[in-house]
Amino acid sequence: MTITPESPSSRSAKGSFGPNAWLVDDMYDRFLQDPTSVAASWREFFV
Numbered sequence: 626m627t628i629t630p631e632s633p634s635s636r637s638a639k640g641s642f643g644p645n646a647w648l649v650d651d652m653y654d655r656f657l658q659d660p661t662s663v664a665a666s667w668r669e670f671f672v
């Protein structure tokens with residue numbers, strides 16, 4: 626497992642998205658591997 630620092634957006638997402646935070650975390654992990662694997666709106670969020 627690779628440990629990467631969290632972006633400010635992903636840290637705040639955990640509080641903002643409640644029980645769906647796991648989904649945002651999953652999308653962020655995919656974004657780190659391949660930014661084009663998530664929707665453009667999420668790419669903007671994670672930058």
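Start counting the sequence shown at 626; every next residue gets the next number (my numbering). Think of the CB as a built atom: it goes at the ideal place given N, C-alpha and C, for glycine as much as any other residue. As the structure is a prediction and not an experimental result, all values here were calculated from the model.
Quick check on the burial criterion: 16 or more other C-beta atoms within 10 angstroms. Buried or exposed for residue i?
i, result
"residue 656", "buried"
"residue 671", "buried"
Just the Cα atoms here: how many angstroms apart are residue i and residue j?
i, j, result
"residue 668", "residue 648", "14 Å"
"residue 658", "residue 642", "22 Å"
"residue 663", "residue 646", "16 Å"
"residue 650", "residue 640", "12 Å"
"residue 626", "residue 654", "Caution applies to residue 626, whose pLDDT of 48 falls short of 50 and renders its modelled position unreliable; the model cannot decide the point."
"residue 660", "residue 644", "24 Å"
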